[in-house]
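Engineer:
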Amino acid sequence: MTETVASPRTQQDSTLEHSKIRVSADEVAAYDHSGRQPVLLGFFIAVVWLLVGTVLGDISSFKFDRPDLLSEQAYLTFGRIRPAHLNVMVYGWASTAMFSISLWLMPRLCRTRLRWATAATAGILIWTLGLAVGTVLLIAGYSDGLEWLELDGQWADPLLVAGAALVGASIWRTLAARRVHHLYVSVWYVAASYPWFLIIFIAGNLPIYQGVESAAVNWFYAHNALGLWLTTINLGLIYYLLPKIIGRPIYSYWLSLVGFWGLALFYALNGMHHLIGGPLPSWMIATSITASIMMIIPVVAVGINQHMTVVGRFGAMRYSPALTLAVIAAMSYTAVSLQGILTALVSVNRITHFTHWTIAHSHLGLYMFVTLSLFGGMYYILPRVLKKEWPSTRLVRAHILLVGGGMILYVVALGIGGVLQGLSLLAPSEGFEVSVTSTRPWLLMRSVAAVIISAGHIVFAYHAYLLAFTHRGSLTRQPPFFELKPVLVKKRAP
Amino acid sequence: MLANSFVIILLSLAVGIPPLIFLFMALTSGQFDHVDAMADSIFEADEMRYFRPWENRKQAQQRLEQHGGLLNNPNREWERWL
Ligand code: HEM
Ligand code: HEM
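Residue numbers (numbering that gives the first Met the number 0), protein chains in the order written: chain A, 0 to 493; chain B, 0 to 81.
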């Protein structure tokens, strides 16, 4: 009896205390250390997949300029290389890096060490094995045939489910063992993503749907994979990084909760906007378009909140690559969502559907938002877990300028090319070839961008190698006992 | 013909209803009280006192007044990269 009465009070007490008592740097270092193994493993595997996916993306892009390129062997044809690019990037690069980010964030935010770290490590390995098997089968011509769900249902998908479930188990076990009562907004985002992903991935892969229903479930899955998996973990990370680096709390904690719950409650209804114009009941399309427009609420809430947190301090970006990337990613989230809402309107979709505009949107979302946020996370997390700083500011600069500049070119070129293509496709007087010719210069520009971005990826992988496997980053440039010497800087402020 | 896709309705509910239940649970367990303290909870001891090289005089002064005498960040993380 006494215990049941006592426990809620204890929880309340600890709530009040934890917000007042700041966690010590040593304690935080211990939390980082507890997840060291799976976090580093995940990042390592993610960078390898990034390089593989880059080669596949480059080949896919070059094939638009020279359709005969590498077409002699069936496994090098566009129909295999392109889905391999999608799956390697989404499940290999983004998802594996997101595992590491979640496993690093949770102990810090729950103020306890990572639980079941070995299960998480096993999960990452099983996931990677599943993806490797699936990708090889895909290249060999075995595909489930639904976009985003191509990986083999028998050999690859069960391994992916087991892998994500193990990582998720570690996340939820850590959550259950938390030493704080209140959940910081990033915890909501990260913890919710795992059950969401498992539900949608399993449901999407069940081999029981037929005809139009199969297409509907396909896009239910793909859109939720974007919104309730790729988006959520990265927003969770950005909500942590922005205030941390800037050194002031998030502008409005309330707004951040509105953003999370808005997404959680409305996102699932969005999927059918990928099938506008398709043979689906009109109520399904109408519902999804309405839900898309309603997404303006969480999107604007997140946008305003993140902007107001950084406003007046954009100069900080010159000092922190992690912040630079997180800020660009946050802005891109707003941009891609507004572009998406526009694209979901029937009058716009009529022009842009089946065009490169959608690819521009995809990469604005999956690159400028997701990938840059992941790079930002790695710039912040790796030095803390490895206890070394990134060795070269030059390489940081080269990486960010190459990938940022390259992707802007990619998105702008395909955005313009896509609209021209769409208008041309709709013009009754123009033949189909006109729509093809009108896009060629823009596709060439995308290939130039592809080369620039690939160079950026090589620079990043090399820099990560230097950081992790050499001693360069551990050279401290500060005088001994620097840490112990508090300095009053009132006069030094510019 | 597919007039009502029960699968999609069921799946949307499976994904959308649990958050609603969690929202109510969060409300009743006081997750939305003390929001300011929550926003502050991610900072380590003394972290807010680190002198940030990008802050102007007013911002540094504000930091000093709110959090106490400024300290140098012990990590080499804020080197100009651009
Ligand atoms: C080197 C950088 C990249 C290049 C050159 C590149 C290139 C391409 C190309 C050529 C396509 C096929 C477009 C088409 O079918 O018309 C494509 C599709 C796609 N890429 Fe990338 N990509 C890159 C990076 C990424 C990254 C990092 C991600 C994810 C994290 C990604 C995710 C996707 C997705 C999801 C699609 C399918 C888009 C859709 O169906 O709308 N890409 N990419
Ligand atoms: C409110 C937010 C958003 C809305 C309303 C929206 C809307 C849309 C629409 C209507 C399409 C279909 C275009 C077509 O096929 O004609 C689409 C495709 C896509 N969106 Fe979004 N979007 C949003 C946010 C995002 C975000 C945040 C991301 C990335 C993280 C993203 C990534 C993609 C991708 C990859 C596709 C292409 C899927 C494929 O064909 O393979 N979207 N979006």
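From the three backbone atoms N, C-alpha and C, an ideal C-beta is built for every residue, glycine too.
Which residues bound the alpha helix (DSSP H) around Thr106 of chain A?
Structural biologist: Translated into positions along the first sequence, residue 106 of chain A becomes position 107. As written in the sequence, residue 106 of chain A is Pro, which differs from the Thr given in the question. Note, Pro106 of chain A: alpha helix (DSSP H), Ser94 to Cys109.
Engineer: Measuring CB to CB, does Asp57 of chain A end up less than 7 Å from Ala449 of chain A?
Structural biologist: As a position in the first sequence, residue 57 of chain A is number 58, starting the count at 1. As a position in the first sequence, residue 449 of chain A is number 450, starting the count at 1. Yes; because the gap between Cβ atoms is below 7 Å, this pair is in contact.
Engineer: Does any CB atom of chain A fall closer than 7 Å to the CB of Leu26 of chain B?
Structural biologist: Here residue 26 of chain B refers to the residue found at position 27 of the second sequence. It does not; no Cβ of chain A falls within 7 Å.
Engineer: Suppose contacts are defined by Cβ-Cβ distances below 7 Å. Is Ile245 of chain A in contact with Ala300 of chain A by that definition?
Structural biologist: Residue mapping note: residue 245 of chain A aligns to position 246 of the first sequence, counting from 1. Residue mapping note: residue 300 of chain A aligns to position 301 of the first sequence, counting from 1. Taking 7 Å as the Cβ cut-off, Ile245 of chain A and Ala300 of chain A do not qualify as a contacting pair.
Engineer: Is Ile457 of chain A a contact residue of ligand 1, with contact defined as CB to any heavy atom under 6 Å?
Structural biologist: The residue you call residue 457 of chain A lines up with position 458 of the first sequence. Every heavy atom of ligand 1 is 6 Å or more from the Cβ of Ile457 of chain A, so no.
Engineer: Can at least three beta-carbon pairs, one atom from the region 420-433 of chain A and one from the region 389-397 of chain A, be found at a separation below 8 Å?
Structural biologist: The region 420-433 of chain A vs the region 389-397 of chain A: no contact.
Engineer: Within 6 Å: the Cβ of Ala93 of chain A and any heavy atom of ligand 1?
Structural biologist: The sequence position of residue 93 of chain A within the first sequence is 94, counting from 1. Flag set: Cβ of Ala93 of chain A near ligand 1.
Engineer: Three-state secondary structure (DSSP) at Ser6 of chain A?
Structural biologist: If you number the first sequence from 1, residue 6 of chain A lands on position 7. Here the model assigns Ser6 of chain A a pLDDT of 36, short of 50, so the residue's position is not dependable, and the following value carries that caveat. The answer is helix: DSSP assigns Ser6 of chain A an H, G or I state.
Engineer: Apart from the five residues on each side of it in sequence, which residues of its chain come closer than 6 Å, Cβ to Cβ, to Tyr183 of chain A?
Structural biologist: Counted from its first residue, the first sequence places residue 183 of chain A at position 184. These residues qualify, in order along the chain: Leu108.
Engineer: Asn348 of chain A and Ile275 of chain A - do their beta-carbons sit closer together than 7 Å?
Structural biologist: Here residue 275 of chain A refers to the residue found at position 276 when the first sequence is read from its first residue. Here residue 348 of chain A refers to the residue found at position 349 when the first sequence is read from its first residue. Cβ atoms of Ile275 of chain A and Asn348 of chain A: closer than 7 Å.
Engineer: How would you label Ala285 of chain A, buried or exposed, when you count the other beta carbons within 10 angstroms and need 16 or more for buried?
Structural biologist: Translated into positions along the first sequence, residue 285 of chain A becomes position 286. Exposed.
Engineer: Hey, is Gly67 of chain B's beta-carbon within less than 7 Å of any beta-carbon in chain A?
Structural biologist: Within the second sequence, residue 67 of chain B is the residue found at index 68, counting from 1. Chain A, which has no Cβ nearer than 7 Å to the Cβ of Gly67 of chain B, makes this no.
Engineer: Using a C-beta cutoff of 7 Å, does Pro485 of chain A count as contacting chain B?
Structural biologist: Counting from one through the first sequence, the residue named residue 485 of chain A turns up at place 486. In this prediction, Pro485 of chain A has a pLDDT of 44, which is less than 50 and means its spatial position is unreliable; nothing more can be read from the coordinates.
Engineer: Could you say which of A:Gly167, A:Ile207 and A:Ser60 lies nearest to Phe196 of chain A if we only look at CA atoms?
Structural biologist: Translated into positions along the first sequence, residue 196 of chain A becomes position 197. When only C-alpha atoms are compared, the closest one is A:Gly167.
Engineer: Along the chain, which unbroken stretches of the alpha helix (DSSP H) at least 4 residues long are found entirely within the region 259-303 of chain A?
Structural biologist: Entirely contained in the region 259-303 of chain A, the alpha helix (DSSP H) runs reaching 4 residues are, in chain order, 281-293.
Engineer: Cβ of Met294 of chain A within 6 Å of any heavy atom in ligand 2?
Structural biologist: In the first sequence, counting from the first residue as 1, residue 294 of chain A sits at position 295. Met294 of chain A: yes, Cβ under 6 Å from ligand 2.
Engineer: Tell me which residues share the same chain as Trp253 of chain A and place their Cβ nearer than 8 Å to its Cβ, disregarding the 5 neighbours each side in the sequence.
Structural biologist: Looking up residue 253 of chain A in the first sequence gives position 254. So no residue of the chain qualifies.
Engineer: Using a cut-off of 8 Å between C-beta atoms, extract the partners of Phe23 of chain B located in chain A.
Structural biologist: Locating residue 23 of chain B in the second sequence gives position 24, counting from the first residue. Going along chain A, no residue has its Cβ under 8 Å from Phe23 of chain B, so there is no contact; the nearest lies around 11 Å.
Engineer: So does Ala449 of chain A have its beta carbon nearer than 6 Å to some heavy atom of ligand 1?
Structural biologist: Your numbering for residue 449 of chain A matches position 450 in the first sequence. Yes, the beta carbon of Ala449 of chain A sits closer than 6 Å to at least one heavy atom of ligand 1.
Engineer: Which residues mark the beginning and the end of the alpha helix (DSSP H) in which Gln209 of chain A is found?
Structural biologist: Here the question's residue 209 of chain A lines up with position 210 in the first sequence. Element bounds for Gln209 of chain A: n/a, residue is neither H nor E.
Engineer: Report yes or no: is there a C-beta of chain A within less than 7 Å of the C-beta of Ile20 of chain B?
Structural biologist: Residue mapping note: residue 20 of chain B aligns to position 21 of the second sequence, counting from 1. Chain A contact via Cβ: absent.
Engineer: Which residue marks the beginning of the alpha helix (DSSP H) containing Gly414 of chain A, and which one marks its end?
Structural biologist: Within the first sequence, residue 414 of chain A is the residue found at index 415, counting from 1. Thr392 to Leu425 is the extent of the alpha helix (DSSP H) around Gly414 of chain A.
Engineer: Assign Tyr74 of chain A to buried or exposed, taking buried as 16 or more other Cβ atoms, counted over all protein chains shown, within 10 Å of its Cβ.
Structural biologist: Locating residue 74 of chain A in the first sequence gives position 75, counting from the first residue. Per the 10 Å Cβ criterion, exposed.
Engineer: Pick from A:Asp151, A:Val27 and A:Trp154: whose alpha carbon is nearest that of Thr111 of chain A?
Structural biologist: Position 112 of the first sequence holds residue 111 of chain A. Out of A:Asp151, A:Val27 and A:Trp154, A:Val27 has the C-alpha closest to the C-alpha of Thr111 of chain A.
Engineer: Quick check: is the beta carbon of Ile7 of chain B nearer than 7 Å to any beta carbon in chain A?
Structural biologist: Here residue 7 of chain B corresponds to residue number 8 of the second sequence, with the count starting at 1. At least one chain A Cβ lies under 7 Å of Ile7 of chain B.
Engineer: In the region 187-208 of chain A, which residues sit with their C-beta less than 8 Å from some C-beta in chain B, listed in chain order?
Structural biologist: Listed by position, the residues of the region 187-208 of chain A near chain B (Cβ gap below 8 Å) are Ala191, Pro194, Trp195, Ile198, Ile199, Ala202 and Tyr208.
Engineer: Measuring alpha carbon to alpha carbon, tell me which of A:Leu145, A:Val38, A:Trp187 and A:Arg21 ends up nearest Ile380 of chain A.
Structural biologist: Counted from its first residue, the first sequence places residue 380 of chain A at position 381. Among A:Leu145, A:Val38, A:Trp187 and A:Arg21, the Cα nearest to that of Ile380 of chain A is on A:Val38.
Engineer: Measuring straight from C-alpha to C-alpha, what distance separates Glu388 of chain A and Ile100 of chain A?
Structural biologist: Indexing the first sequence from 1 puts residue 388 of chain A at position 389. Indexing the first sequence from 1 puts residue 100 of chain A at position 101. Approximately 18 Å between the Cα atoms of the pair.
Engineer: Check whether chain A comes within 7 Å of Glu43 of chain B, counting only Cβ atoms and requiring the distance to be less than that.
Structural biologist: As a first step, residue 43 of chain B is located in the second sequence; it is residue number 44 there, counting from the start. Chain A, which has a Cβ nearer than 7 Å to the Cβ of Glu43 of chain B, makes this yes.
Engineer: Helix, strand or coil: how does DSSP classify Glu43 of chain B here?
Structural biologist: As a first step, residue 43 of chain B is located in the second sequence; it is residue number 44 there, counting from the start. Three-state result, Glu43 of chain B: strand.
Engineer: Cβ of Val369 of chain A within 7 Å of Cβ of Asn233 of chain A?
Structural biologist: Counting from one through the first sequence, the residue named residue 369 of chain A turns up at place 370. Counting from one through the first sequence, the residue named residue 233 of chain A turns up at place 234. Going by C-beta atoms, Val369 of chain A is nearer than 7 Å to Asn233 of chain A.
Engineer: Per DSSP, what are the beta-bridge partners of Leu371 of chain A in this structure?
Structural biologist: In the first sequence, residue 371 of chain A corresponds to position 372, counting from 1. Answer is none; Leu371 of chain A lacks a bridge partner.
Engineer: Taking the alpha carbon of Thr53 of chain A as the reference point, which residue from A:Ile327, A:His84 and A:Met97 has its own alpha carbon closest?
Structural biologist: Your numbering for residue 53 of chain A matches position 54 in the first sequence. The shortest C-alpha separation from Thr53 of chain A is found at A:His84.
Engineer: Express the C-alpha separation of Gly140 of chain A and Ile327 of chain A in angstroms, rounding to a whole number.
Structural biologist: The sequence position of residue 327 of chain A within the first sequence is 328, counting from 1. The sequence position of residue 140 of chain A within the first sequence is 141, counting from 1. Approximately 38 Å between the Cα atoms of the pair.
Engineer: For my contact list, Tyr266 of chain A and Leu229 of chain A are in at a C-beta cut-off of 8 Å; report their separation, rounded to the angstrom.
Structural biologist: Numbered from 1 along the first sequence, position 267 holds the residue referred to as residue 266 of chain A. Numbered from 1 along the first sequence, position 230 holds the residue referred to as residue 229 of chain A. Rounded, the Cβ-Cβ distance is 12 Å, inconsistent with contact.
Engineer: For Val179 of chain A, which three-state DSSP category applies?
Structural biologist: Position 180 of the first sequence holds residue 179 of chain A. Of the three classes helix, strand and coil, the one that applies to Val179 of chain A here is coil, per DSSP.
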